[in-house]
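Visitor: In terms of full-length UniProt numbering, the sequence shown is residues 1 to 526.
All C-beta atoms in this analysis are idealised placements derived from N, C-alpha and C, irrespective of residue type, glycine included.
Nothing here was measured: the structure is a model prediction, and the numbers come from that model.
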Amino acid sequence: MLPTKANSSVVLFTGGTVLGEPHKVERIGETYLPYSVFFEYINGLGVSTFAPGTYNLFKHNCNSFTNEVSNFLVGQDIPKYILDLPEEILQTPIGQQIGGLIEGLCSSASRAFIVDPTFLEPRNHREVSPEFQLLNEAIEEARLNSIALEERRNEINEKLAKKDRKKKKKKKEKKQKGSKDSGASDSNSTGPSNCTHMAESESAISLSEMQASNGESTEVLPSERVMQMEEEEKKELEERKRHRDPPIVFKDSVDIKEEYQTLVKLLDGKLNEEDRVCMDELRQYVLENEGSWALGDNFLNFVGRILYDKALASDARVKLLNILSVAALKDDVILLLHQDRREHIIMNYAFDIDRHPAEEQLPLAQFLANMFENLSSSEWLLYISEWQHQTQNISNIRVTTKVAVHSLLSNSVDLQIRGAAIIHNLACKEKMNKSKNLRRLLPKGSISKVFDDVAVELTMALLQYFNGSPAEEQLYACMKSLARFTQISGQDVPQLIQMIGPEPNKFRGTSERIDEQIDQVNKKLR
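1) What is the rounded straight-line gap between the Cα of R283 and the Cα of K506?
2) Where does the unbroken beta strand (DSSP E) through E386 begin, and where does it stop?
3) Check whether the region 368-376 touches the region 72-79, taking contact to mean three or more Cβ pairs, one atom from each stretch, closer than 8 Å.
4) For W387, does the count of other Cβ atoms within 10 angstroms reach 16, so buried, or fall short, so exposed?
5) Please name the residue, chosen from L482, D332, P246 and K402, that lies closest to F466 on a Cα-to-Cα basis.
6) Can you tell me which of D84, L320, I345 and A369 puts its alpha carbon nearest to the alpha carbon of P247?
7) Since S395 is in the beta strand (DSSP E), which residue starts that stretch and which ends it?
8) Given that a residue counts as buried once 16 or more other Cβ atoms are within 10 Å of its Cβ, and exposed if not, what is M499?
9) In chain order, what residues of the same chain have a beta carbon less than 8 Å from the beta carbon of A477, not counting five sequence neighbours either side?
10) Would you kindly work out how many angstroms separate the C-alpha atoms of F119 and V286, rounded to a whole number?
11) Exposed or buried, which one is W380 when buried takes at least 16 other CB atoms within 10 Å?
12) Who pairs with H60 in a beta bridge, going by DSSP?
13) Quick check: the Cα distance between I488 and A427, rounded to an integer number of angstroms?
14) Who are the Cβ neighbours of A328 in its own chain at under 6 Å, not counting the five residues just before and after it?
15) In chain order, what residues of the same chain have a beta carbon less than 8 Å from the beta carbon of E472, not counting five sequence neighbours either side?
16) Helix, strand or coil: which one does DSSP assign to A109?
17) One question on the structure: do P504 and I518 come within less than 9 Å of each other, judged by their Cβ atoms?
18) Which residues in the same chain as M479 place their Cβ atom closer than 6 Å to its Cβ, once the five residues preceding and following it in sequence are excluded?
19) Taking the alpha-carbon positions, what's the F485 to K24 distance?
20) Over the uninterrupted alpha helix (DSSP H) stretch that includes M499, give me the two end residues.
21) Could you round the C-beta distance between L307 and A365 to whole angstroms and report it? I think they count as a contact, below 8 Å.
22) Alpha carbon to alpha carbon, how far is T401 from L460? Give it in angstroms, no decimals.
23) Would you give the residue range spanned by the alpha helix (DSSP H) that N301 belongs to?
24) Closest to R27 by CA distance: which of S70, V277, H60 and V37 is it?
25) Beta-carbon within less than 6 Å of D492's beta-carbon, same chain only, minus the 5 sequence neighbours each way: which residues are those?
26) So what does DSSP say about S314, is it helix, strand or coil?
27) Quick one: what's got a C-beta closer than 7 Å to L83's C-beta in the same chain, skipping five residues either side?
28) Buried or exposed: N322, going by 16 or more other Cβ atoms within 10 Å of its Cβ?
29) Under DSSP, the alpha helix (DSSP H) around H338 begins and ends at which residues?
30) Compare the beta carbon distance of V403 and I353 with 9 Å and say whether it is the shorter of the two.
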């Protein structure tokens with residue numbers, strides 16, 4: 001039984017089967033995770049660890065799934081005797097007899113699955129019809145739209161609640177102000193100005209009452225209220241935040257036409273027909289400013305071939321990554337990124353940044369830095385859903401962190417600049433601060449505490465970087481990041497700064513804006 005808490009209400013989900021009530025209920029712990037985070041995590045499991053075809057009755061079953069989810073929610077395994085139950089059955093005489101049979105059944109069943117979790121292949125493995133693929137894609141699109149709609153609904157409810165709270169607060173302040181004014185009028189003479197003010201107040205109140213009685217202010221459709229609030233927020237919040245914390249991106253460092261023409265020459269005679277189609281799609285997307293719709297279903301496979309085919313020159317990968325770094329600035333690049341949610345071609349390559357030649361590392365880091373230009377692609381870099389790469393469980397946020405740390409601590413000044421940009425952009429993301437009070441309640445080891453772990457890891461990299469003599473621009477970006485990390489992880493990060501050093505005051509006097517960030521850091525130090 002896993003109780004979940006949200007908005008101070010408690011909901012208990014009690015297990016049950018056709019066999020009736022359970023004989024025993026194991027209480028594992030409590031979770032404070034918002035539903036949206038949990039939903040994202042479950043979707044990630046469905047296309048990675050627990051994708052169709054991975055089920056095994058004895059080794060990878062429903063108990064394994066429950067254990068995985070339990071670790072995510074509360075940082076605790078389910079009782080060992082439950083996990084060991086299949087092994088105990090296999091040790092019995094009857095278990096040894098049926099073990100091979102069941103293993104064979106599981107193996108043949110797993111081969112019936114295709115990658116998409118919605119459908120099963122026919123056993124004769126006929127070629128999937130175009131209509132079937134279209135239906136499959138439509139269902140997947142509907143699922144994604146449903147998720148977006150649910151998030152949108154939650155966002156609207158939050159906005160409405162926030163608006164109501166503001167109204168109540170203003171009403172209360174107005175009432176208090178009115179009582180103060182009436183008290184002052186009792187003690188002081190009511191001069192002409194006071195009389196005028198009171199008359200204006202009374203007329204305003206009577207007008208608002210008349211409007212309310214006529215239903216002018218109360219009968220506003222929810223959709224209209226939301227549209228009004230969205231317009232206000234776009235002006236007041238989005239632009240203000242963007243001007244206050246603009247991401248560090250690299251817009252003018254690549255001549256896109258020259259890079260594309262060079263890539264065409266490097267790949268001349270080495271592409272098949274499908275690859276040539278993908279090259280033309282890339283041209284339409286980055287040179288002719290067509291939308292991401294121009295990129296076909298095979299485009300990511302083409303990218304993977306260029307990145308991983310060692311028979312091709314390294315310069316081809318450099319040119320492709322430079323082109324992708326420009327594409328990352330487009331607001332619809334997220335549609336391309338979402339196509340990679342199963343194979344993880346891009347992020348697996350990025351995770352291995354330390355194994356790539358130095359000339360490939362720079363455009364790769366710039367590609368990730370430029371993804372912060374738009375909200376959707378920057379949020380994608382912070383996804384916490386895990387998959388297995390070689391022998392490790394990794395996620396988008398882990399990959400982004402590794403690229404940032406490796407780049408910042410490299411020997412290349414240009415790569416350090418990209419690393420500082422990624423760390424700055426991460427530190428300024430609101431999502432890093434989201435639910436931080438709830439995260440403090442979670443036990444250590446919970447996947448949901450990933451942002452705290454990331455803040456600590458990036459802080460250690462920053463402190464190591466501070467042992468050198470950074471340029472003012474990079475020093476400012478890094479000191480600003482350090483100040484943000486003291487807010488995200490208010491206990492661990494300040495302790496690290498004091499234990500490891502160097503003292504932020506070492507850089508005092510470099511510039512006024514750096515001094516301001518040093519003051520912010522020092523406020524959190526004890």
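Guide: On the basis of the data shown:
1) Numbered from 1 along the sequence shown, position 283 holds the residue referred to as residue 283. Numbered from 1 along the sequence shown, position 506 holds the residue referred to as residue 506. Cα-Cα distance, rounded: 49 Å.
2) As a working mapping, residue 386 is identified with position 386 in the sequence shown. Looking at the DSSP string, the run of the beta strand (DSSP E) that includes E386 is E386 to H389.
3) Contact between the region 368-376 and the region 72-79 is absent, because fewer than three Cβ pairs lie under 8 Å.
4) As a working note, residue 387 is residue 387 in the sequence shown. The residue is buried, with at least 16 neighbouring Cβ atoms inside 10 Å.
5) In the sequence shown, the residue the question calls residue 466 occupies position 466. Proximity to F466 across L482, D332, P246 and K402 peaks at L482, based on C-alpha coordinates.
6) As a position in the sequence shown, residue 247 is number 247, starting the count at 1. The residue with the shortest Cα to Cα distance from P247 is A369.
7) For the purposes of this step, residue 395 is taken as the residue at position 395 of the sequence shown. Run containing S395: Q392 to S395, per the beta strand (DSSP E) assignment.
8) As a working note, residue 499 is residue 499 in the sequence shown. Around the beta carbon of M499, a 10 Å sphere encloses fewer than 16 other beta carbons of the protein chains shown; the residue is thus reported as exposed.
9) As a position in the sequence shown, residue 477 is number 477, starting the count at 1. Only I248, A420, A421, I423 and H424 meet the Cβ criterion.
10) For the purposes of this step, residue 119 is taken as residue 119 along the sequence shown, with counting starting at 1. For the purposes of this step, residue 286 is taken as residue 286 along the sequence shown, with counting starting at 1. Legend: pLDDT at F119 = 36, less than 50; position of this residue unreliable, value from coordinates given subsequently. Cα to Cα, F119 sits roughly 35 Å from V286.
11) Here residue 380 corresponds to residue number 380 of the sequence shown, with the count starting at 1. Buried, because 16 or more other Cβ atoms sit within 10 Å of the Cβ of W380.
12) Translated into the one-based positions of the sequence shown, residue 60 becomes position 60. For H60, which the question treats as bridged, DSSP gives the partners N56.
13) What you label residue 488 is simply residue 488 of the sequence shown in a count that begins at 1. What you label residue 427 is simply residue 427 of the sequence shown in a count that begins at 1. Going from the Cα of I488 to the Cα of A427 covers about 9 Å.
14) Taking the first residue of the sequence shown as 1, we reach residue 328 at position 328. Closer than 6 Å at the Cβ level, and outside the excluded window around A328, lie F367, N370 and M371.
15) Residue 472 sits at position 472 when you count from the first residue of the sequence shown. Excluding residues within five positions, the ones whose Cβ falls inside 8 Å are T510, S511 and I514.
16) Residue 109 sits at position 109 when you count from the first residue of the sequence shown. For A109, the predicted structure reports a pLDDT of 47, less than 50, and the residue's modelled location is therefore unreliable. The matter cannot be settled from this model.
17) Start at 1 with the first residue of the sequence shown, and residue 504 comes out as number 504. Start at 1 with the first residue of the sequence shown, and residue 518 comes out as number 518. A contact, by the Cβ cut-off of 9 Å.
18) Reading the sequence shown from its first residue, position 479 is the one you call residue 479. Contacts found: I514 and Q517.
19) Against the sequence shown, residue 485 aligns to sequence position 485. Against the sequence shown, residue 24 aligns to sequence position 24. Looking at the two C-alpha atoms, the distance is approximately 44 Å.
20) Within the sequence shown, numbered from 1, the residue matching residue 499 stands at position 499. According to the DSSP assignment, M499 belongs to the alpha helix (DSSP H) that extends over D492 to I500.
21) One-based indexing of the sequence shown puts residue 307 at position 307. One-based indexing of the sequence shown puts residue 365 at position 365. The Cβ separation is near 15 Å, so there is no contact.
22) As a working mapping, residue 460 is identified with position 460 in the sequence shown. As a working mapping, residue 401 is identified with position 401 in the sequence shown. Sequence check: residue 460 is Met here, not Leu. Straight-line Cα distance between these residues: approximately 12 Å.
23) Along the sequence shown, one-based indexing puts residue 301 at 301. From DSSP, the alpha helix (DSSP H) with N301 extends over F299 to Y308.
24) Your numbering for residue 27 matches position 27 in the sequence shown. The option with the nearest alpha carbon to R27 is S70.
25) Stepping through the sequence shown from its first residue, residue 492 is reached at position 492. Cβ within range, chain order: V456.
26) As a working note, residue 314 is residue 314 in the sequence shown. Per DSSP, reduced to three states, the secondary structure at S314 is helical.
27) By 1-based counting over the sequence shown, the position of residue 83 is 83. For L83, where only same-chain residues beyond five positions count, the Cβ hits under 7 Å are N63 and N67.
28) Counting from one through the sequence shown, the residue named residue 322 turns up at place 322. Taking every protein chain shown into account, the CB of N322 has 16 or more other CB atoms within 10 angstroms, so this residue is buried.
29) Within the sequence shown, residue 338 is the residue found at index 338, counting from 1. Secondary structure note for H338: its alpha helix (DSSP H) is the uninterrupted segment V333 to H338.
30) Along the sequence shown, one-based indexing puts residue 403 at 403. Along the sequence shown, one-based indexing puts residue 353 at 353. It is a contact, given that the beta carbons lie within the stated cut-off.
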